[in-house]
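*Asks:* Can you read through this structure? Questions will come right after.
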Amino acid sequence: MSGNWDANVRLLYPAEKGQRVALESILVGDAFDVVTHVEIGKGIMQFATGWKLFVSVRNVSRCTVLATETTEGTLPPANEHWHRQIPLAIDAGWVADEGDMLDIIATFRFRAGANEDYSFARSEPFVVAVS
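Here the sequence shown is numbered in the working numbering, starting from 791 and rising by one per residue.
Written out as structure tokens, the structure is:
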């Protein structure tokens, strides 16, 4: 659980399109979702104004970035913890070779008035398959 004055990415993983179960492998070029679990503490939520999530899918085997996506939203101040799963779609068509290892990195920016809190996470690696 996040502290009262923190906003944190708690979990980050690839999932089949429209699902929330983590993948260990993916067919080359297939569309998939990146699921980010975010938690914001009760104290800092009282000053909430908005958030932004930056996601990159990396080919660790080739040291390249396959895809990047960003999403954001506004948040009204509230006197409660905020827990959400934020899915982001990764479109089909990315290119990698069989056996390449991929991972995902995410940065979450939370705005509380004039203040910002950044958190980041890295997924477990997953492998590219051809069938």
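Backbone N, C-alpha and C fix where the C-beta goes; we use that ideal spot for every residue, glycine too.
Where are the beta strand (DSSP E) runs, 3 residues long or more, that stay fully inside the stretch 804-828, in chain order?
*Replies:* 815-817
*Asks:* Taking the alpha carbon of residue 917 as the reference point, which residue from 816, 807 and 797 has its own alpha carbon closest?
*Replies:* 816
*Asks:* Are there three or more Cβ pairs, one per stretch, closer than 8 Å when the stretch 902-913 is compared with the stretch 829-838?
*Replies:* yes
*Asks:* Following the continuous alpha helix (DSSP H) through residue 833, name the residue where it begins and the one where it ends.
*Replies:* 832-835
*Asks:* Smallest Cα separation from residue 872: which of 811, 846 and 864?
*Replies:* 864
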